[in-house]
Every structure is written in C-alpha cells, then in structure tokens.
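Trainee: For any residue, its number in the numbering used here is found by taking its place in the sequence shown, counting from 1, and adding 176.
Virtual Cβ for every residue (Gly too), placed ideally from N, Cα, C.
Keep in mind that this is a model prediction, so the values were computed, not measured.
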Amino acid sequence: MMHYTGRFAPSPTGPLHTGSLVAAMASYLDARAHHGRWLLRIEDIDEPRTVSGAAETMCDTLAALGMHADGEVIWQSQRKARYEAAFNQLGENVYPCGCSRKEIADSHTGIASDGAAIYPGTCRHGIAEGKTTRAWRLRVPPTMSAAGVITFEDRWLGRITEALSESTGDFVLKRADGFWAYQLAVVVDDAEQGVTDVVRGADLLGSTARQIYLQGLLRLPTPRYMHVPVVNNAAGEKLSKQTGATPLNLDRPLETLMGAAMSLGLVLPATAGTDLTSFWEAAISDWARRFV
Ligand code: GLU
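Spelled out as structure tokens, the structure:
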C-alpha cells in the first residue's frame with residue numbers, strides 16, 4: 177500500500193470552531209493511527225470569503241491543541257497556475273456559460289447537494305446569442321453512460337452512488353468572478369500532495385462524486401474517502417459561523433478536545449483528560465481499534 181497521507185484543508189473564513197475541530201481531529205487521528213503523514217492546506221481559493229489572519233489563527237489553535245502538521249503548509253491562493261494547467265487539460269469537457277444565477281434558478285431543475293440549482297445545460301452546445309461568458313462548466317456524462325454513475329466506498333458511511341447529471345448537472349470550474357472553483361483546486365492539490373485518504377465532514381459528501389469524476393478526466397488517482405458526522409446545533413443546523421458556533425475555548429484545551437472526541441464516538445479512559453499527550457495517545461489508540 178502507498179504510504180498513508182492525510183490532510184486537513186480548512187477554508188480560512190473565521191476561527192476554528194467546534195464543527196471544524198471535529199473534522200481536523202478525525203483527519204489527524206486517522207493519519208496518526210495509520211502512522212501516516214498529516215498535511216495542512218489552507219483553502220483560500222475563494223478570496224472574497226477569505227478573512228485575513230484567519231488561517232494563521234487556525235494554525236495556532238491546532239498547534240495549541242497538539243495537532244502538528246507534517247511538511248509545509250500550502251496555500252491555494254498561491255497555486256493558481258496549477259489550477260489553470262489542469263483546467264486547460266480538460267479541453268472539450270469544459271464550456272463557457274452565460275447564464276445568471278437567477279436564470280438557472282428559474283429553470284426549476286431542482287437543488288443540488290450543495291444548495292445551488294442543478295444546471296439545466298442551457299449553454300452546453302454554445303452560449304446563447306447576446307450573452308457573454310460568465311463561468312466555465314464541466315460537462316457531466318448522462319446517467320445511462322459508462323461514467324454516468326459514480327460509486328465509492330465511504331469508510332464511515334459505506335457505499336455511495338451518485339449520478340452527476342441528476343445531482344448537480346454540468347458544474348462550475350471557473351467562476352463568474354474569475355476565481356477557480358473549490359472542486360478543481362481540491363482535486364489538483366490532493367493529487368499533487370499524494371493524499372491517499374481524505375477524512376472530512378459529511379457536509380462535503382455531496383462534492384465527492386464531482387471530485388472523483390474530475391480525477392478520472394485528469395488521470396489522477398482517487399484517494400479513499402471517509403465522511404464523519406458533522407456537529408449540529410440545537411436547531412439541527414450544521415455548526416458554522418453563520419449558525420452561531422462559538423469559538424473554541426483554548427483556556428481549557430482538554431475539555432475542548434474531549435468534547436470533539438465524544439462527537440466522533442471515541443471511548444476514552446479518564447486518564448485521557450490529564451494532559452495533551454495522554455489525550456492523543458488514548459484517542460489514537462481508540463481510533464486505530466475502530467478504523468485501522
Ligand atoms: N475547504 C473545505 C472546507 O473547509 C474543505 C475541503 C476538503 O476537506 O475537501 O469546507
């Protein structure tokens with residue numbers, strides 16, 4: 177087997193919170209339980225949403241909690257030439273699209289897993305007259321074709337199947353504001369960093385089939401995937417800045433870590449609460465018992 181490489185890839189839109197800590201912890205535990213490497217990648221490709229200083233704060237928080245990344249930290253904002261090169265390799269698979277968000281919503285094709293409207297394919301055979309290019313989209317295959325249904329074994333959730341033509345339609349790789357889409361950047365980076373295992377929150381489950389499809393077109397290897405449960409607030413919403421997630425309590429790092437471990441279902445001895453070293457030893461060994 178290839179040497180295990182995992183990663184945590186936060187978008188620096190604010191400080192690490194309970195939800196993102198659980199994703200960080202799961203990817204870290206899986207890497208350490210496999211005696212593998214754990215990389216940190218700052219996904220600041222969505223520059224309009226990036227908050228200056230947030231990435232540095234996140235790195236400090238992870239270190240304060242005892243999670244230390246291997247190798248250098250990479251920043252997506254510095255890697256645009258690579259995303260462009262991958263985009264150029266896609267040739268006829270991509271096409272310019274002149275539709276506005278409203279036009280797509282008005283076509284009532286349904287809502288994709290990420291909350292965006294499913295693209296009805298309006299510009300597939302050429303941009304409509306009088307319109308100018310806004311975004312660039314990737315053509316997805318019809319459900320009935322050989323590549324039409326993507327299947328993968330999720331290490332937490334089991335077998336997942338998704339037909340892209342029904343779940344998202346042709347999806348955006350280059351956005352109307354000129355930035356590269358997360359889907360493209362993540363695929364390029366996971367491959368270049370030799371990531372063998374993606375462990376992340378289940379809120380990203382709906383992106384995985386798109387990423388696997390792109391990996392195929394770019395002839396890149398597909399890592400193994402594990403989507404861990406996301407932490408919800410009392411109203412059942414995913415915890416994020418928008419839903420009122422409070423920043424982590426770093427005055428009591430062990431309590432913070434024990435809370436995150438609990439939401440991953442870890443069973444830890446009382447001694448895990450004594451200090452960071454004991455916590456991580458116990459957590460890694462429980463994770464290894466369950467997942468390695
Ligand atoms: N940057 C993404 C996020 O914070 C995660 C990307 C990934 O793990 O693939 O939601």
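In its own chain, which residues sit with a C-beta less than 6 angstroms from the C-beta of A367, not counting the 5 before and 5 after it?
Mentor: Position 191 of the sequence shown, counted from the start, is the residue given in the question as residue 367. Only L396 meet the Cβ criterion.
Trainee: Does the beta carbon of F184 fall short of 8 angstroms from some heavy atom of ligand 1?
Mentor: Against the sequence shown, residue 184 aligns to sequence position 8. Indeed, a heavy atom of ligand 1 lies less than 8 angstroms from the Cβ.
Trainee: When DSSP builds the beta bridges, which residues end up paired with D330?
Mentor: Translated into positions along the sequence shown, residue 330 becomes position 154. DSSP lists G334 and Y401 as partners of D330.
Trainee: So, with DSSP's three-state summary, where would you put R315?
Mentor: The count along the sequence shown starts at 1 and reaches residue 315 at position 139. Reduced to three states, the DSSP call for R315 is coil.
Trainee: What runs of the beta strand (DSSP E), each 3 residues or longer, lie entirely inside the stretch 249 to 276?
Mentor: Fully enclosed beta strand (DSSP E) runs of 3 or longer: 270 to 273.
Trainee: Going by beta carbon distance, what residues of the same chain come within less than 6 angstroms of D246, once the five residues before and after it are set aside?
Mentor: For the purposes of this step, residue 246 is taken as the residue at position 70 of the sequence shown. Counting only Cβ-Cβ distances below 6 angstroms, and skipping sequence neighbours, we find R213 and W214.
Trainee: Can you name, in chain order, every residue of its own chain whose Cβ lies under 6 angstroms from the Cβ of I250, other than the five neighbours on each side?
Mentor: Translated into positions along the sequence shown, residue 250 becomes position 74. Contacts found: R217.
Trainee: Starting from F455 and walking both ways along the alpha helix (DSSP H), at which residues does that stretch end?
Mentor: Against the sequence shown, residue 455 aligns to sequence position 279. L452 to F467 is the extent of the alpha helix (DSSP H) around F455.
Trainee: Hey, is E219 close to ligand 1, as in C-beta under 8 angstroms from one of its heavy atoms?
Mentor: Counted from its first residue, the sequence shown places residue 219 at position 43. Proximity of the beta carbon of E219 to ligand 1 is indicated: a heavy atom of the ligand is located closer than 8 angstroms.
Trainee: Between E260 and A357, what straight-line distance do the alpha-carbon atoms span, to the nearest angstrom?
Mentor: To locate residue 260, count along the sequence shown from 1; it is residue 84. To locate residue 357, count along the sequence shown from 1; it is residue 181. The straight-line gap from Cα to Cα measures roughly 11 angstroms.
Trainee: Among A361, L433, P445 and R208, which residue has its Cα nearest to the Cα of S221?
Mentor: Taking the sequence shown and counting its residues from 1, one reaches residue 221 at position 45. Position check: residue 221 holds Ile in this sequence, whereas Ser was assumed. When each option's Cα is compared against that of I221, the closest is A361.
Trainee: With DSSP collapsed to three states, give me the class of R428.
Mentor: One-based indexing of the sequence shown puts residue 428 at position 252. R428: coil per DSSP, three-state reduction.
Trainee: Between which two residues does the alpha helix (DSSP H) carrying D366 extend?
Mentor: Position 190 of the sequence shown holds residue 366. Y358 to E368 is the extent of the alpha helix (DSSP H) around D366.
Trainee: If we ignore side chains and look at the alpha-carbon of each, how far apart do I287 and T447 end up?
Mentor: Residue numbering aside, residue 287 sits at position 111 when the sequence shown is read from its first letter. Residue numbering aside, residue 447 sits at position 271 when the sequence shown is read from its first letter. Cα-Cα distance, rounded: 47 angstroms.
Trainee: Alpha carbon to alpha carbon, what distance is there between V270 and A311?
Mentor: As a working mapping, residue 311 is identified with position 135 in the sequence shown. As a working mapping, residue 270 is identified with position 94 in the sequence shown. Each residue's Cα considered, the two are about 10 angstroms apart.
Trainee: Buried or exposed for R183, going by 16 or more other Cβ atoms inside 10 Å?
Mentor: Against the sequence shown, residue 183 aligns to sequence position 7. Buried.
Trainee: Could you check how far apart the C-beta atoms of G195 and V404 are, in whole angstroms? I think they sit under 8 angstroms.
Mentor: Translated into the one-based positions of the sequence shown, residue 195 becomes position 19. Translated into the one-based positions of the sequence shown, residue 404 becomes position 228. With 8 angstroms as the limit, G195 and V404 do not qualify as a contact, their Cβ atoms being about 11 angstroms apart.
Trainee: Is it right to say T181 is buried, meaning 16 or more other beta carbons lie within 10 angstroms of its own, or is it exposed?
Mentor: Locating residue 181 in the sequence shown gives position 5, counting from the first residue. When all chains shown are included, T181 counts as buried.
Trainee: Please name the residue in M243, A230, F263 and R225 whose C-alpha comes closest to that of L198.
Mentor: Translated into the one-based positions of the sequence shown, residue 198 becomes position 22. The question names Leu, but residue 198 is Val in the sequence shown. The shortest C-alpha separation from V198 is found at M243.
Trainee: Should L380 be counted as a contact of ligand 1 given a C-beta to heavy atom distance under 8 angstroms?
Mentor: Counted from its first residue, the sequence shown places residue 380 at position 204. Result yes, Cβ under 8 angstroms from ligand 1.
Trainee: I want to check one thing, is the minimum distance from the CB of Y358 to the heavy atoms of ligand 1 below 8 angstroms?
Mentor: Here residue 358 refers to the residue found at position 182 when the sequence shown is read from its first residue. The answer is yes for Y358.
Trainee: In angstroms, rounded to a whole number, what distance separates the CA positions of A202 and T308?
Mentor: Mapped onto the sequence shown, residue 202 falls at position 26. Mapped onto the sequence shown, residue 308 falls at position 132. Near 44 angstroms, if we compare the C-alpha coordinates of T308 and A202.
Trainee: Going by beta carbon distance, what residues of the same chain come within less than 8 angstroms of S343, once the five residues before and after it are set aside?
Mentor: Translated into positions along the sequence shown, residue 343 becomes position 167. Excluding sequence neighbours, S343 sits near A288, S289, I294, G382 and A385.
Trainee: Going by C-alpha distance, which of G449, V364, R335 and V348 is nearest R300?
Mentor: In the sequence shown, residue 300 corresponds to position 124, counting from 1. When each option's Cα is compared against that of R300, the closest is V348.
Trainee: Can you give me the C-alpha to C-alpha distance between V363 and I326, rounded to a whole angstrom?
Mentor: Within the sequence shown, numbered from 1, the residue matching residue 363 stands at position 187. Within the sequence shown, numbered from 1, the residue matching residue 326 stands at position 150. So the two alpha carbons sit approximately 16 angstroms from each other.
Trainee: Determine the extent of the beta strand (DSSP E) in which T181 is found, giving its start and end residues.
Mentor: In the sequence shown, counting from the first residue as 1, residue 181 sits at position 5. Segment T181 to F184, the beta strand (DSSP E) holding T181.
Trainee: Which residues bound the alpha helix (DSSP H) around L340?
Mentor: Numbered from 1 along the sequence shown, position 164 holds the residue referred to as residue 340. That run of the alpha helix (DSSP H) goes L340 to S343.
Trainee: Do D373 and H210 have their beta-carbon atoms positioned less than 9 angstroms apart in this structure?
Mentor: Locating residue 210 in the sequence shown gives position 34, where the first residue counts as 1. Locating residue 373 in the sequence shown gives position 197, where the first residue counts as 1. Between H210 and D373, the CB-CB gap stays under 9 angstroms.
Trainee: Nearest-angstrom Cα distance between A207 and E457?
Mentor: Stepping through the sequence shown from its first residue, residue 207 is reached at position 31. Stepping through the sequence shown from its first residue, residue 457 is reached at position 281. One C-alpha to the other measures close to 13 angstroms.
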